[in-house]
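Heads up: the sequence lines are chains A and B, in that order.
For the first sequence, this note's numbering begins at 1007 and goes up steadily by one.
For the second sequence, this note's numbering begins at 1007 and goes up steadily by one.
Cβ atoms here follow ideal geometry from the backbone N, Cα and C, with glycine treated the same way.
Report on one structure; see the data block that follows.
Number of protein chains: 2
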Amino acid sequence: MNKLQVELGERSYPIYIGRQLISDSQFYTPHIRGSQVLVISNETVAPLYLGAVRHALSDYQLNEVILPDGEQFKTMDVLNHIFDGLLSHQHNRSTTLVALGGGVIGDMTGFAAACYQRGVDFIQVPTTLLSQVDSSVGGKTAVNHPLGKNMIGAFHQPRCVIADTDTLETLPDRELSAGLAEVIKYGLICDQAFYQWLAGNMESLLARNADALAYAIQVSCQNKADVVAEDEKESGIRAILNLGHTFGHAIEAHQGYGQWLHGEAVAAGMLMAADLSQRLGWLASSDVDALRSLLQQASLPVLGPANMDDDDYLSRMQVDKKVLDGQLRLVLLQSIGKALVTSDVPREQIIRTLSACRA
Amino acid sequence: MNKLQVELGERSYPIYIGRQLISDSQFYTPHIRGSQVLVISNETVAPLYLGAVRHALSDYQLNEVILPDGEQFKTMDVLNHIFDGLLSHQHNRSTTLVALGGGVIGDMTGFAAACYQRGVDFIQVPTTLLSQVDSSVGGKTAVNHPLGKNMIGAFHQPRCVIADTDTLETLPDRELSAGLAEVIKYGLICDQAFYQWLAGNMESLLARNADALAYAIQVSCQNKADVVAEDEKESGIRAILNLGHTFGHAIEAHQGYGQWLHGEAVAAGMLMAADLSQRLGWLASSDVDALRSLLQQASLPVLGPANMDDDDYLSRMQVDKKVLDGQLRLVLLQSIGKALVTSDVPREQIIRTLSACRA
């Protein structure tokens, strides 16, 4: 088992990474203050792992809320099921919520914890690669609105993250690939050595080699923890974690949540960001080609949907959370391993990139 | 115009109290960072004062959301109208929300501001006595859930509070009285001299004497600001602000939100707290009698509804946010002007108080 610490002053918390952690109470109990726990999971994950969580938490008043599975259910309406569960079982302010599932479960549970009685504790137990390397770390929680992804949410840090790599054995191939998109992102934005390692080890990762996966998760979490520790509430540097996300969110929103997986949209979005960075003279075209190959090797899309025109992108990008006073801001690449945030991109160049990256 | 400062470090903010403030841009502009403003009001207040706000904010991209009027609309569903307005007008993270109305508008606007894009600025323009002395100060925001009042919310401080006493001229008598309940509360919990002043000046307040009202608002806000500055997130002393609220919330929830005004339920609840404090030997029965007379003079109820039995109270009080590990905690009075929080109250005594205070 490896332990990382996210350093956020009094909101600091550990990330545990390893095998057979879910059923082991020692990773939960130091982080639970009261006697009540509500586990939130979904219809896919609960049959696989809820028993293990029950085993670990048998000393508590344990209640459960099982949500439908999918990004299309990350809504205010479905969020209410969590509040119903908390209130009908009379959970008080010292309760702890446990998120057992992927990014959707983590985001909703975290947001419910942020709001219930104006803030209670929660623990992340991410069961997908994407959530282990991304959404479970950093305290961003949210639900979607029909007009924009993650538009309603809060910054709320978990008490700990329990990333059990055994759960990846049951992960569908498509979701493994979606997780690898975010793993590749960390190499691109701030860790050139890790990017090179990924280029040489993609086959092992796709074959679910346990050691390779554990290493990739650990380096990804460490990179994210370092960025978050520097800028918890995204007033600056943290925005680089959104490489590919401005384009990607537009794809997800246009196609309907759940049609493209988040990681798939981010993959196509990262290639758009790379293409644009090349047009601005920062990346070599060989860099863009190498990224395209790596994404393709990971079975990820490298082109946006054929049915999205420029306005479909631009109108949605205009409500991106990084927009400041009407000014679109994009995360681009100065080089492989170094991202920057800029609002100084000519619209014509964006449109050229959108044309070049359309299926 | 009087100005108080709520001291909360980097979240400190001013409260402006006086006449003709709503239409004056100088009270808003220093507290608005971006170029976009969304005003949230309700169908009762908007026709009276929205024009004045529009006048003050004519230099901004100004959009408006008008909600139905009443506590029964303080729900997640109605909250969504605010998000719809923000997103359909493409408001970004530097937007400012302005709450123009009473406590319901303030609580919902504040909670929407806490959640929109994970947190944007807001300004309180309270137009009722209750919201001027209570809900607009202190950063508590929330919506109700069918199983409990204010169960879903956040701590989110406004950038400023603009309390224009002219708005009280249009306030219905019943709402003026409801506001006076919270004013009396400040005397009871921490300001004996103010309690004496209120006992001597209730007639002027009910006659809407402008100077008397301004003084009562200022002392109330100062008392609240002092308590909040000491304990922003209610881990201790702040709970005394909830004198009468545990009983009162049970009444509101049982009767259906909007049937009893919040201040009315708090009035009956404060007399229950006083009655219980007398049973525990802290207050003299003459203190309880004097409080009853003062509340009656202010046209406030001093008895709970006839149709609520002990269990109707106790089951709802059990989900109160002050409950810790199943232990009911109550705010009671050690003496007039001094509140305390205790979990050490025999259930039989609570039941005796409920019987004694039933209509």
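Counted as a single uninterrupted DSSP element, the beta strand (DSSP E) harbouring Leu1073 (chain A) occupies residues Gln1067 to Leu1073.
Interface annotation, His1151 (chain B): in contact with chain A, CB-CB separation under 8 Å. Residue-level contact check: Gln1096 (chain B) touches chain A, since one or more beta carbons of chain A fall below 8 Å from its beta carbon. For chain A, the residues of the region 1114–1132 of chain B that bring a beta carbon within less than 9 Å of one of its beta carbons are Phe1117, Ala1118, Ala1120, Cys1121, Tyr1122, Gln1123, Arg1124 and Gly1125, in chain order. Uninterrupted beta strand (DSSP E) stretches at least 3 residues long and entirely within the region 1143–1202 of chain A occur at 1146–1151, 1154–1161 and 1166–1170, given in chain order.
Beta-bridge pairing by DSSP links Gln1011 (chain B) to B:Pro1020. Less than 8 Å divides the Cβ of Ile1028 (chain B) from the Cβ of Tyr1055 (chain B). Close to Ala1148 (chain B), with beta-carbon spacing below 8 Å, are these residues of chain A in chain order: Arg1124. Of all alpha-carbon atoms in A:Gly1242, A:Ser1241, A:Met1276 and A:Ile1243, the one lying nearest the alpha-carbon of Gly1250 (chain A) is that of A:Met1276. Out of A:Pro1352, A:Val1329, A:Lys1344 and A:Ser1349, the CA that lies nearest to the CA of Gly1040 (chain B) is found in A:Val1329. Interface criterion not met: the Cβ of Lys1155 (chain A) is under 8 Å from no Cβ in chain B. At least 8 Å separates the CB of Leu1247 (chain B) from every CB of chain A. Look at the region 1317–1329 of chain A: the residues with a C-beta under 7 Å from a C-beta of chain B are Gln1324, Val1325, Lys1327 and Val1329.
In this structure, Ala1187 (chain A) keeps its C-beta atom at 8 Å or more from the C-beta atom of Ala1259 (chain A). The alpha helix (DSSP H) runs of length 4 or more contained entirely in the region 1240–1322 of chain B are, from start to end of the chain, 1251–1261, 1268–1285 and 1291–1303.
Taking a C-beta cut-off of 8 Å against chain A, none of the residues of the region 1296–1318 of chain B qualify. Closest by C-alpha distance to Leu1174 (chain A), out of A:Thr1133, A:Asn1156, A:Thr1147 and A:Cys1166, is A:Thr1133.
Pairing Leu1360 (chain A) with Asp1295 (chain A) gives a Cβ-Cβ distance that is not under 8 Å. Residues of the region 1081–1106 of chain A with a C-beta atom less than 9 Å from some C-beta of chain B are Met1082, Asp1083, Leu1085, Asn1086, Phe1089, Asp1090, Leu1092, Leu1093, Ser1094, Gln1096, His1097, Asn1098, Arg1099 and Ser1100, listed in chain order. The CB of Gly1076 (chain B) never comes closer than 8 Å to any CB in chain A; the least such distance is about 20 Å. Check the Cα spacing between Leu1177 (chain B) and each of B:Asn1150, B:Met1157, B:Leu1211 and B:Ala1148: the tightest is with B:Leu1211. For Ile1038 (chain A), the nearest beta carbon of chain B is not closer than 8 Å to its own beta carbon. CA-to-CA, the gap between Tyr1122 (chain B) and Arg1353 (chain B) works out to about 42 Å.
Boundaries for Lys1080 (chain A): no beta strand (DSSP E) harbours it, and the DSSP string shows neither H nor E there. Using a CB distance cut-off of 8 Å, Ala1259 (chain B) does not count as an interface residue toward chain A. Apart from sequence neighbours up to five positions away, the residues of its chain that approach Leu1346 (chain A) with a beta-carbon distance below 7 Å are Leu1338 and Gln1340, ordered along the chain. Per the Cβ contact rule, the region 1231–1242 of chain B is not in contact with the region 1260–1271 of chain B (fewer than 3 Cβ pairs under 8 Å). One Cα belongs to Thr1348 (chain B), the other to Leu1286 (chain B), and the distance between them is close to 11 Å.
Between Phe1161 (chain A) and chain B, the shortest Cβ-Cβ separation is below 8 Å. Between the region 1198–1212 of chain A and the region 1107–1120 of chain A, the count of Cβ pairs shorter than 8 Å is below three; the stretches do not touch. Note: Gln1130 (chain A) is bridge-paired with A:Ala1105 and A:Val1167 in the DSSP secondary-structure output.
Annotation: Phe1079 (chain B) to Tyr1034 (chain A) spans about 39 Å, alpha carbon to alpha carbon.
If you compare the alpha carbons of B:Ala1279, B:Glu1077, B:Asp1083 and B:His1097 with that of Glu1070 (chain B), the shortest gap goes to B:His1097.
At a cut-off of 8 Å between beta-carbon atoms, Ile1046 (chain A) makes no contact with chain B.
Runs of the beta strand (DSSP E) lying entirely within the region 1030–1059 of chain A, each at least 3 residues long, are 1042–1048 in chain order.
Judged by DSSP in its simplified three-state form, Ala1205 (chain A) adopts helix.
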